[in-house]
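A.B. asks: The structure under discussion is supplied below as structure tokens; questions concerning it will follow.
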Amino acid sequence: MSSLFGPRLVRAEVVALDAGGALHDYRIDRGRLLAVSGQTLTLHERDGTDVSLAVSPAAEVMLNGGRVPLSALRRGMKVLTIRDGDAPAQTVEARRG
Numbered sequence: 014m015s016s017l018f019g020p021r022l023v024r025a026e027v028v029a030l031d032a033g034g035a036l037h038d039y040r041i042d043r044g045r046l047l048a049v050s051g052q053t054l055t056l057h058e059r060d061g062t063d064v065s066l067a068v069s070p071a072a073e074v075m076l077n078g079g080r081v082p083l084s085a086l087r088r089g090m091k092v093l094t095i096r097d098g099d100a101p102a103q104t105v106e107a108r109r110g
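So for the sequence shown, this note's numbering puts the first residue at 14; every next one is plus one.
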């Protein structure tokens, strides 16, 4: 399993049931940050794909383990996002270089 979700991960889709039995379609994207524009991130993924992702205003945005505003993220950072289906990302984890 760690080979799937480890450092080689480009993107993933995980379908899971929550404790109440509701189905969730989690989408995970990982890449280098190209741009932040308002509540949208653009990532360059390892397979060469550029993807723009909406981020919820209520999202938890972390940089090197500390909570920050989305505007603190900079081009070139490594970023992982998690969203449920086509909804804006609720989780953004970033680290420098």
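Where is the CB? At the ideal position from N, CA and C, for every residue including glycine.
Met75 lies in the beta strand (DSSP E); which residues open and close that run?
C.D. replies: From DSSP, the beta strand (DSSP E) with Met75 extends over 63-76.
A.B. asks: For a test of the three-state rule: what should DSSP assign to Ala85, helix, strand or coil?
C.D. replies: In this structure, Ala85 counts as helix in the three-state DSSP scheme.
A.B. asks: Evaluate Ala71 with the Cβ neighbour count: other Cβ atoms within 10 Å of its Cβ, from every protein chain shown; 16 or more gives buried, anything less gives exposed.
C.D. replies: Burial call: exposed.
A.B. asks: For Arg59, which residues does DSSP report across the bridge?
C.D. replies: According to DSSP, Arg59 bridges with nothing at all.
A.B. asks: Within a Cβ cutoff of 8 Å, which residues of the same chain sit near Gln52, ignoring the five residues on either side of it in sequence?
C.D. replies: Correct list, in chain order: Ala67, Val68, Ser69, Pro70, Leu83, Pro101.
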